[in-house]
Structures are given as C-alpha cells and as structure tokens.
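Undergrad: All letters in the sequence shown, in the order written, are residues 0 to 188 by numbering that gives the first Met the number 0.
The beta-carbon is built from N, C-alpha and C at its ideal position, and this holds for glycine as well.
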Amino acid sequence: MFNFPQLLTALPADVALEKLRNGESLQYYHIIGKLDLLQLSTDNTYCFHSIIILHCEVDDLSGVVLSYERPMILSYCHFHRADFIFAYFVGGLLIEECVFYSYLNFSSGGHNKPGFPVRLLRNLFKGFVNFFDCWYEGEVHVEYNIIKQGTNLLGAPHNIPVTFDIQPIIQKNVGNLYCADEGSSFSDR
C-alpha cells in the first residue's frame, strides 16, 4: 500500500500546471511548491482539464473553488497538504492508495453527477477530513480507508448532514465517521 519509487523527479508547481494545461498526466514527480489548480481556469469557476496525478509526492495541492467538469484521479500519491473547499467534482473523483498528512477540507462541495462517482478507496488520512455541507448527486464509494483524526462524513456539524441523492457505499473504514464538528486544521501542523 502507498508504494512508489523513492527517487522522484523534482518538478516545480508552475511546470506541473503547464503539463496539466497541455493535457498531460503527472507521474513519478515530487511536485515542489503550491500546485494551485485555480490557475487552470480561465474564469475562476470551471476547470475543463482532466487532473491525473499518479505516483507523486505533492507539497501542496490547492483545488478550491472550482467546478471540475472532467475526471480528477489521484492515485498512489503522498500529499503533505491538500484543500478542496467549495470544489465540485461534476466529472467524478477517484482518490486511491494515497496518503494525506494533514487536515483535508472538502466542505461545501461535492456535486458529482450520476454516472460520475466520487470514490475514496484504500487511503490513509492522517488529519481530520471535513465534508461539512457537501452534496453528492451521484454515486459515492468510501471504502477501506484509515482516517486517523476522524471525519464528519456521517456526522452532522451544526445539524447539517452530508446530502447523498444516491445511497452511498461506505464500508470497511477505520476511524470515526460520525464527528459532529469540522475538526481542526491546526491540530496536525
């Protein structure tokens, strides 16, 4: 689990963005600096690029405040910091076999469409994972994850549960999925 080569090619975040802009996937890189996906949008609202990051170590992934119209795939990666607040995964999201070292915020997002699932499979989340006020219109699979500091995926912070239009498949996860708060983004820094 979570295996990738020890020697990755260093790649500055601005060069990584250019590769994504050109339709390339990112594979076997250590992405240095903040990879700000908002820079892929021409209107600060929509991202029409597929985001595929495989077998990488990423210093800082910022995927906030965008509607991803194409698939996002994050597989076999290590993320020292990542944030997806207000992110809509209209084209689907797959996160598998990844390690997230700090607080991860998906709050006020989701909005995948039927046929474009959100799948979190076999990941290690070392910090809290925040799903406050998310709404998932399509399929959701959360399976075989380890969530060290818990999540509010099945809780209801401020009496607002996550909305699932289709019954999610949530099974065989380790950690508290019923937290009634939004965790702390400072607890793991």
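Among residues of its own chain, excluding the 5 on either side of I165, which ones have a beta-carbon nearer than 8 angstroms to its beta-carbon?
TA: P113, Y135, E136, G137, E138, V139.
Undergrad: Where do the N-terminal and C-terminal ends of the beta strand (DSSP E) with K33 fall, by residue?
TA: Run containing K33: 28-35, per the beta strand (DSSP E) assignment.
Undergrad: Taking 6 angstroms as the limit between beta carbons, can you name the residues of its chain near Q38, skipping five residues before and five after?
TA: The answer, listed in chain order, is L16.
Undergrad: Express the C-alpha separation of R69 and R188 in angstroms, rounding to a whole number.
TA: Note that R188 has pLDDT 42, beneath the 50 cutoff, so the model's placement of it is unreliable and no number is given.
Undergrad: Quick one: give me the first and last residue of the beta strand (DSSP E) that L93 is part of.
TA: Start and end: 92-95.
Undergrad: Tell me the start and end of each unbroken beta strand (DSSP E) in the region 150-186 that is at least 3 residues and wholly inside, in chain order.
TA: Counting whole runs of 3 or more residues, the region 150-186 contains the beta strand (DSSP E) stretches 168-170.
Undergrad: Using only CA atoms, which one of V14, T8, K18 lies nearest to Y27?
TA: Comparing Cα positions, the closest option is T8.
Undergrad: Out of F88, E56, F105, R20, which one is the CA nearest neighbour of F224?
TA: One cannot answer for residue 224 here, as it falls past the ends of the chain, which runs 0 to 188.
Undergrad: If contacts are defined as beta-carbon pairs under 8 angstroms, then G182 and Y100 qualify, I think. What distance do you get, rounded to the angstrom?
TA: In fact, because the Cβ distance is near 14 angstroms, the residues do not count as touching under 8 angstroms.
Undergrad: Please report how far the alpha carbon of R121 lies from the alpha carbon of L73, in whole angstroms.
TA: Computed Cα separation, rounded: 12 angstroms.
Undergrad: Considering L16, what are the terminal residues of the alpha helix (DSSP H) in which it resides?
TA: Taken as a continuous stretch (DSSP letters only), the alpha helix (DSSP H) holding L16 covers 12-20.
Undergrad: Just to confirm, are S107 and F124 a CB contact at a threshold of 7 angstroms?
TA: No, they are not a contact pair.
Undergrad: Where does L120 sit, in a helix, a strand or coil, going by DSSP?
TA: Strand, per DSSP.
Undergrad: What residues in its chain sit with their C-beta under 6 angstroms from that of T162, if we drop five residues either side in the sequence?
TA: Excluding sequence neighbours, T162 sits near W134.
Undergrad: Mind checking Q170: buried by the 16 CB within 10 Å criterion, or exposed?
TA: Burial call: exposed.
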